[in-house]
Each structure stands twice: as C-alpha cells, then as structure tokens.
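Asks: Pasting a structure here, questions to come.
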C-alpha cells in the first residue's frame, strides 16, 4: 500500500473537499465518550481522527438500524456517507457483515449499495478504553484492510495510507499537497505505534484473558454449564449488547402503514429478547434468558468460527461498557475457558 | 441487483375450511411462481406482515399454489380473515425441499401430526406424480381429535388410489363419531410392515411429535440419515441473513427446512 505524508493544516482542505460529494461524519468528544457527529466546517478544530473507537459502532452507517426494503415511496436522495476516524475493530467487524449480506445465494442490495458508496477513512488507535481488548482476540489497533484511507498520527501531520482506488482518487483530486514519507517520519510512526502497543498490551495482560484460540472450545464445551444461568442473573434483556456490537447483524421485517400505502422495513433485532426465536405456534427454542445469553456467545465464538473462520467479536468492549447489568464478556470467556 | 424481499402479488381464488382452526387457501400468483415440494415461501399481508409456510399443493401445478394455515399467531389470524379475491404478497421459494431422487425405488414412510400434514400433502402429490418410481407409500397420520383431521376426503381418496399406497390414521382422543384408532401417532409405528433397510421416513408435525416419532424410528431400526425432518423455526427473512432461524451451525431457511436426522441429532435446541 502507498503512503503519503500530509501536514496537519491541510486536513481541513481535504475534509472540505470530501464534504462536497459526501455526507461527512467525524468523531468528537462529549463527556467521557467519543461520538460520531456530522462534520461542521465552522467547528472543525475538535475533530478526533485517532484516539479510540467511538461509543457507537461503525455498522450503523452501512447496515442501517432501520431501512426501507419495500415500497420506498418517499425515497429522499441523499449523498453517500464518508466516515473519518473508523477504528480497526470496527473495520474487522465489516468482514462479518460483508459475509452475511454479500455472500451466499441471496445478496442484500441495500447493504451492498451503501457499503460500496461509503467512503471509509480510518485512523490508528492512539488511546484505549479500560474495556478495549482487541489484541486479546487477535485484532490489531492499526487498520490493515477494509479502508479507503488510513491516518497514522505524527507530531507535524499524518501518514495517510491509501487502501483503495477510491481513496487514491479522493486524495489526488482534493489537491492537497502530499509528500513522500521520509525515513524519519516512518521511524516516528513506528516508534509511536510501538509505544502505544506496549501500553495496550499491558492493559490487556492485566485482564488475564484465556488464549484466544481456546474461546471456541470453551464456549462449546460449556453448553450445559451453569455459567450462563449465573451470568444471566443481572441481564435485564435490554438488547443493548446487540445494538452496540459492531458484528451483530440480526434484523426483523416489519410493515409500516401510511394512509393507503405501506412499506416494509428491515430493523435491527436483538437475540436477547424473548420473542427472538419464537414461532407462531408458541414453541420457543430459547425460552430461558440464560439460553439466550448463551446463544449470543455460541453465535460469536462457535458459529462464526465454524462457518467463516472468524470470531464475531473484535474486542471493542462496547457490550461491557453498555450493559446495565455489568455483564462482562471477558469474564464469561474466562469462566468458559477454565471450567471444563 | 434484484431485491430479494420483493413479493409477487397473488389472489385468493379458493378457501377450504379444514377444521375450526385450519384453512387451505389457493392463491393465484400474478407472475410465474413454482416450488419444489418441501421448500417454503414467505406469505405477506401487505401492510401487516409476513410469515413462512410450506405449500401444501402439488408442486407440478404451475397456475396456483395451495397453502394450509393454522390460526395460531398474529399473521395467521389475519390470514384467516382473507376472502376470495383478496390480494397477498408472496416470495420465495426458499430452502431445500425433499430430495425425491433419493426416495426412488424405496418404501417411503410418511409420518404426520396435526397441521404438519400440510407439507406432507404436497410431498404425497409429488410422489403420486411419479408413483411408478416408488416401491410403497405409507402414510401414518395422527390428529388430536377427529375434528382436527385435515384433508379428510382426500385422505380417503389417497388410500384408494393405488395398491402401493397404505394410509393409517389415529387420534389422541376419540369422540362418539370416531370408529377408528385411538392413540398417539407413534403407536402406528409398532409392527411396521416395512423393509426398513430399503426405506426412508419423512416426519412433520409439532415439535414434541417429531421428537418422539424420530426416537421411535431410530428404535425400530431406521438410520439417522434415512429420517427426513421438516423443521419449523422462525424463518423471517428466508434468505439466511436475519439470524432468527439459526439452529447450531445451520440456518433452517437456507440449509433446511428439510434435514436428515444425522445432521440434527447432536444439535441443541432442535426439539424446543
């Protein structure tokens, strides 16, 4: 992949250029968290490109929380989205979503269109949250694929790595001065990454996670274990873990009426909710909350590795952060991998 | 790219009341629509919602599609209010049906319970279409009470249609009109006159019935790979995306709904 050095004061010009053709979303800090927000050229100095992942997952920009799939009678023409500051954990999650929506006999044309037209500009992580454990599940905090452009921060500017033709074109057409990356800049970048990795590694070491290769067998062999009942004790079935998860892809179809017309929508669903697997006759394979909590882990750590060779978890830690019952995915994995 | 959620309009051209809670609707789709027996479709009331059904009609019939529906949930309740000439939306067919080719030359044992006879009726018609290819067709059907028996007239016709066809019915609880057998459908599997080594068994019915029928078939010597089960899970999108019908490593909508028992026997949550 080709990389260029771009000075910090040129970034605004790049963003203004991108904004002409895209609806640009950037990250800003609010309270103790980072959030996606619409780019405002008048207010561009607080934009965060690196740091860590925002509170909400990237997936909502591509797999919309609510999408019209039939009779889109008031189809508003909107610009495609450009995302600045996507993190490696969220890009890794796109592999799961891409598999679900773009592979197999049927493809999802809505996902495909949005996925193709969205401009993904990512950034290396330079900080982490207490709940971040990407390295513990084999995901590096520096994007290597699934981006159009990636930003690595230096003192004086950024190393911008080109990940696609689309990214290449945008960078070239923006007209901002791009420079060859010097050996010193490369060294500075490597040094920054190494220092950050050491800190992140230390934080994750303190979590004392089991080896990542043991998750599948741990979850599998504990199917009948009491651990699911024990951990489900504080679950309030809010489905928050599903909503913030960058890989959770389940949805339901629902009709919505307006006067004499109707539309069918595809809406995010949550496997923690009781009616998720219920059929009309009343049978419900997962009547008990513990079975539904277990199901989430089976899907992520057994099903996806089985069919795709990937965990459907990227270590973003959002489910841990969001759970009102303080259910910690890491603690469940620890318990599953020891009690065999 | 095609929209896989798009439905074809279909008109109700006939309604048969099978029991107090079960009706068979004949729909005439506006565009060409065909299915293989055992596959399922998503049937929608526009503006209200969709639900999955396995057609009960003869798959060789290209002009219309028959679907037998029990009034048991939100969508089926609304479907039961349909009248002649009403319009529905239909999409599919989805999944894998019954592999008829593998049944050829064999004694085909069909075990049905309640409204589970619906997909099996379609299968029976498909078998009758090529009856010379099968050695025997044996139907064992159980309903809760005589009033819950579906396709009463047709069942009589089937049993008279060919020497190859043998039909036995039982009810869990009889009434004053019932002269036939009383007992669970599994009792019809006692003293089975079948060459099990050259036979396949196809089971469809409520989960509890499927479970015990399968166990019984195993007990009397059927190999797991010769038992075909038609699974009912919450197939919502029908195309392997929405996640609702996952069962172990399978999605019922795309890997099923027909599975041989060897694929399911070690999976959790199969019978629930």
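Chains as they are written, first to last, in UniProt numbering: chain R, 1 to 340; chain Y, 1 to 272.
The beta carbon of each residue, even a glycine, is placed where N, CA and C say it ideally should be.
#1: Scan the segment 228-245 of chain Y for residues whose Cβ lies nearer than 8 Å to a Cβ of chain R and list them as they occur along the chain.
#2: Classify residue 113 of chain Y as helix, strand or coil using the three-state DSSP reduction.
#3: Thinking C-beta only, is residue 135 of chain R closer than 8 Å to residue 204 of chain R?
#4: Residues of chain R with CB under 8 Å from residue 5 of chain Y, in chain order?
#5: Tell me whether the beta-carbon of residue 39 of chain Y lies closer than 8 Å to the beta-carbon of residue 93 of chain Y.
#6: What is the DSSP secondary structure of residue 200 of chain Y, reduced to helix, strand or coil?
#7: May I ask you to verify whether the segment 234-249 of chain Y touches the segment 156-176 of chain Y, counting CB pairs closer than 8 Å and requiring at least 3?
#8: Could you check whether the Cβ of residue 38 of chain Y sits closer than 8 Å to any Cβ belonging to chain R?
#9: Locate the alpha helix (DSSP H) running through residue 165 of chain Y, then write down its first and last residues.
#10: Which residue's Cα is closest to the Cα of residue 259 of chain R: Y:46, Y:81, Y:11 and Y:132?
#11: From the DSSP output, in three-state form, read off residue 314 of chain R for me.
#12: Taking Cβ to Cβ, would you say residue 314 of chain R is nearer than 8 Å to residue 89 of chain R?
#13: Identify every residue that forms a DSSP beta bridge with residue 29 of chain Y.
#14: What's the C-alpha gap between residue 275 of chain Y and residue 176 of chain R?
#15: For residue 337 of chain R, which residues from the same chain have a beta carbon less than 6 Å from its beta carbon, with the 5 sequence-adjacent residues on both sides left out?
#16: Taking Cβ positions only, does residue 272 of chain Y come closer than 8 Å to chain R?
#17: Quick check: the segment 195-208 of chain Y against the segment 62-76 of chain Y, are there 3 or more CB pairs under 8 Å?
#18: Which bits of chain R does residue 72 of chain Y rub up against, with CB to CB less than 7 Å?
#19: Would you tell me roughly how many angstroms separate the C-alpha atoms of residue 263 of chain R and residue 66 of chain R, rounded to the nearest one?
#20: For residue 133 of chain R, report the span of its beta strand (DSSP E) as first-last.
#21: Can you give me, in chain order, the residues of the segment 151-162 of chain R that have a beta carbon less than 9 Å from any beta carbon in chain Y?
#22: Looking only at its chain, what residues have a beta carbon closer than 6 Å to the beta carbon of residue 234 of chain Y, apart from the 5 residues adjacent to it on each side?
#23: How big is the Cα-Cα spacing for residue 274 of chain R and residue 286 of chain R?
#24: Which one of Y:230, Y:269, Y:237 and Y:252 has the shortest CA to CA distance from residue 117 of chain Y?
#25: Would you kindly work out how many angstroms separate the C-alpha atoms of residue 195 of chain Y and residue 107 of chain Y, rounded to a whole number?
#26: Starting from the N-terminal side, write out each stretch of the alpha helix (DSSP H) that is 4 residues or longer and does not extend beyond the segment 40-92 of chain R.
#27: State yes or no: is the C-beta of residue 160 of chain R within less than 8 Å of the C-beta of residue 189 of chain R?
#28: Measure the C-alpha to C-alpha separation of residue 136 of chain Y and residue 125 of chain Y and round it to an integer number of angstroms.
#29: Is the segment 137-144 of chain R close to the segment 101-111 of chain R, with three or more CB pairs under 8 Å?
#30: So, are the CB atoms of residue 89 of chain Y and residue 9 of chain Y less than 8 Å apart?
#31: Rounded to a whole number of angstroms, what is the C-alpha to C-alpha distance between residue 183 of chain R and residue 193 of chain R?
#32: Could I get the ranges of all uninterrupted alpha helix (DSSP H) runs contained in the segment 234-313 of chain R, with 4 residues as the minimum, in chain order?
#33: Find the nearest neighbour of residue 61 of chain Y within the set Y:52, Y:42, Y:76 and Y:37, judged by alpha-carbon distance.
#34: Over what stretch of residues does the alpha helix (DSSP H) that includes residue 155 of chain Y continue unbroken?
#35: Could you compute how far the alpha carbon of residue 2 of chain Y sits from the alpha carbon of residue 247 of chain R?
#36: On the CB-based measure, 16 or more other CB atoms within 10 Å of its CB, does residue 134 of chain Y come out buried or exposed?
Replies: In this structure, then:
#1: For the segment 228-245 of chain Y, which is checked against every Cβ of chain R, the residues closer than 8 Å are 232, 233, 234, 236, 237, 239, 240, 241, 242, 243, 244 and 245.
#2: strand
#3: yes
#4: 69, 70, 253, 264 and 266
#5: At a Cβ-Cβ threshold of 8 Å, residue 39 of chain Y and residue 93 of chain Y count as neighbours.
#6: Under the three-state reduction of DSSP, residue 200 of chain Y is assigned to strand.
#7: no
#8: With a threshold of 8 Å between beta carbons, residue 38 of chain Y makes no contact with chain R.
#9: Run containing residue 165 of chain Y: none in the alpha helix (DSSP H); it sits in the beta strand (DSSP E), 165-171.
#10: That would be Y:46, whose Cα lies nearest to the Cα of residue 259 of chain R.
#11: coil
#12: yes
#13: Y:10
#14: The first residue shown for chain Y is 1 and the last is 272, placing residue 275 of chain Y beyond what the model contains.
#15: Once the five neighbours on either side are set aside, the close Cβ partners of residue 337 of chain R are 210, 214 and 218.
#16: yes
#17: no
#18: 280 and 281
#19: 12 Å
#20: Unbroken run through residue 133 of chain R: none, as it is neither H nor E.
#21: Those residues of the segment 151-162 of chain R that come within reach of chain Y (Cβ to Cβ, closer than 9 Å) do not exist; the list is empty.
#22: Cβ within range, chain order: 244 and 245.
#23: 7 Å
#24: Y:230
#25: 7 Å
#26: none
#27: no
#28: If I take the Cα positions, the gap works out to 14 Å.
#29: no
#30: Yes, Cβ-Cβ distance for residue 89 of chain Y and residue 9 of chain Y is below 8 Å.
#31: 15 Å
#32: 240-244, 289-298 and 304-308
#33: Y:37
#34: 152-161
#35: 25 Å
#36: buried
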